[in-house]
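The opening residue of the sequence shown carries number 1 in the UniProt record's numbering; numbering runs sequentially from there. Positions of the beta carbon are idealized from the N, C-alpha and C atoms, including for glycine. To start, the structure itself, in structure tokens.
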Amino acid sequence: MEFKALYLLFFVLVMALFLYIRTKKNSSNNEFHSLDDFVLNIQRESSWANLGYWKNSTQYPDAARHLATLLGNQLGLSPEHNVLDVGYGCGDQILLWKNDYRVASVVGYNNSTIQTQYSMSLCKGLGDVILLNKSAMDIDSRDNFHRVIALDCAYHFPSRLVFLQKAHKAMVTDGQIGLVDMIFRFDKATLAEKLFMRLIFKISHMPSENLWDEATYRAHLSDTNFKVIDFHSIGEWVFLPFQSFIHQHHQSFHSMTRDKVWRKFLAASRVLSWMYKKQYIDMVVVTATKQ
Ligand SMILES: C[S@@+](CC[C@H](N)C(=O)[O-])C[C@H]1O[C@@H](n2cnc3c(N)ncnc32)[C@H](O)[C@@H]1O
1 MEFKALYLLF FVLVMALFLY IRTKKNSSNN EFHSLDDFVL NIQRESSWAN
51 LGYWKNSTQY PDAARHLATL LGNQLGLSPE HNVLDVGYGC GDQILLWKND
101 YRVASVVGYN NSTIQTQYSM SLCKGLGDVI LLNKSAMDID SRDNFHRVIA
151 LDCAYHFPSR LVFLQKAHKA MVTDGQIGLV DMIFRFDKAT LAEKLFMRLI
201 FKISHMPSEN LWDEATYRAH LSDTNFKVID FHSIGEWVFL PFQSFIHQHH
251 QSFHSMTRDK VWRKFLAASR VLSWMYKKQY IDMVVVTATK Q
């Protein structure tokens, strides 16, 4: 290996280690999934925490809601459906499923205590909604859901494969699962880039066993006895617009929250955009039927 490449690798490793130690230190008392995303919603009374679907939106709350409706429409949510929503964030999507799609019931799983507490107050008074402070790994397989939803979150679960297996058991036959999820492809990345990304994913609570490319994702769905209905990319309308939004939003509202929170959003959106431009990641909408 050339001296320049070795030097770059060393630099990347030192930077990544520095970032890792700082994040560990900062997050020792806090949950990783918190209420920090509130700052993205400043202009509206909402609390979305996804990357948004920016095709026809210029404001974050609209883009975040569009990402949810994209999935809700794809799953054909309707009043006959008992829904399992895993990774429901701060509860905005629960309001959407109940108020706009009029689904019969929702059971939610979220492993963040602070988000669960907030969601419970947001959704107070909604009938047939149960919000649990539990992990995707603890889904009760005795249930009979018609629809299972994982909106911009399954890549964070300790094991996406175990989630698919548990979700499958908890559904009626012909029930559908829908995910807005990230896929990954590292075959063209250099060693230094791979090491850098591995560390970023570790810091971002994205377990390495979830870093599937499209073929692996489809194979796991099929092995779990799901039949794919739709699998399409929406990355074009997610990563780069989200980065532009964060940049502008920071300029307009930098005094509204701590620098530490802004640094997290600025760094995350920049790194995600870089990975997307390099074609190492993509965002997809996936729907599949239980066989
Ligand atoms: C990027 S946020 C998306 C939140 C929400 N779906 C939205 O669109 O606003 C990821 C969510 O997944 C949840 N999550 C992460 N790991 C989880 C797990 N193991 N079990 C359940 N929820 C989890 C987080 O607490 C967070 O609410």
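Between Val284 and Ile200, the C-beta spacing is not below 9 Å. Rounded to the nearest angstrom, the gap between the Cα atoms of His254 and Trp262 is 7 Å. Counting C-beta pairs with one atom in each stretch, the segment 140-148 and the segment 170-180 have three or more that are closer than 8 Å, which means they touch. Cβ contact annotation for Leu96 (same chain, cutoff 8 Å, sequence separation greater than five): Arg65, Ala68, Thr69 and Gly72, in chain order. Placement of the Cβ of Phe196 at a distance of 8 Å or more from every heavy atom of ligand 1 is found.
For Cys123, the shortest separation between its Cβ and any heavy atom of ligand 1 does not lie below 8 Å.
Look at the segment 87-137 and you find these whole runs of alpha helix (DSSP H), each 4 residues long or longer: 92-95 and 113-122. Annotation for Ile246: no beta strand (DSSP E) segment contains it, though the alpha helix (DSSP H) segment containing it runs Phe239 to Phe253. Rounded to whole angstroms, the gap between the alpha carbons of Tyr217 and Gln93 is 25 Å.
Taken atom to atom, the span from the alpha-carbon of Tyr101 to that of Glu193 is near 43 Å. One thing to note: Val106 has its Cβ no nearer than 9 Å to the Cβ of Asn133.
When Cβ pairs closer than 8 Å are counted between the two stretches, the segment 37-53 is seen to touch the segment 233-241, the count reaching three or more. At a threshold of 8 Å, Ser208 does not count as near ligand 1, since its beta carbon sits no closer than that to any of the ligand's heavy atoms. Distances from the alpha-carbon of Ile246 to those of Phe32, Ser34, His33 and Pro61 put Pro61 closest. With 16 or more other CB atoms across the displayed protein chains lying within 10 angstroms of its CB, Met275 is buried.
With a 10 Å radius around the Cβ and a threshold of 16 neighbouring Cβ atoms, Met256 comes out exposed. With a cut-off of 8 Å, the C-beta of Met137 is classified as near ligand 1, since at least one heavy atom of the ligand falls inside that distance. Under the three-state reduction of DSSP, Ser273 is assigned to helix.
In this structure, Lys55 has its beta carbon at no less than 8 Å from each heavy atom of ligand 1. In the structure shown, Gly175 falls within a strand segment according to DSSP collapsed to helix, strand and coil.
As far as DSSP is concerned, Ile42 takes part in no beta bridge.
Under the three-state reduction of DSSP, Arg218 is assigned to helix.
Take Lys98, set aside five residues on each side of it, and the residues of its chain with a beta-carbon closer than 7 Å to its own are Val106, Leu126 and Val129, in chain order.
Judged by DSSP secondary structure, Ile149 falls outside any alpha helix (DSSP H) and instead within the beta strand (DSSP E) spanning Phe145 to Leu151.
Exclusion of the five residues before and after Ser159 leaves Met137, Pro207, Glu209 and Asn210 as the residues of its chain whose Cβ lies within less than 8 Å of its Cβ. Within the chosen limit of 8 Å, ligand 1 reaches the beta carbon of Phe157 through at least one heavy atom. Separation of Ala267 and Ile139 (C-alpha to C-alpha, rounded to the nearest whole angstrom) is 33 Å. Cα atoms of Lys188 and Gln115: separation of roughly 37 Å, rounded to the nearest angstrom.
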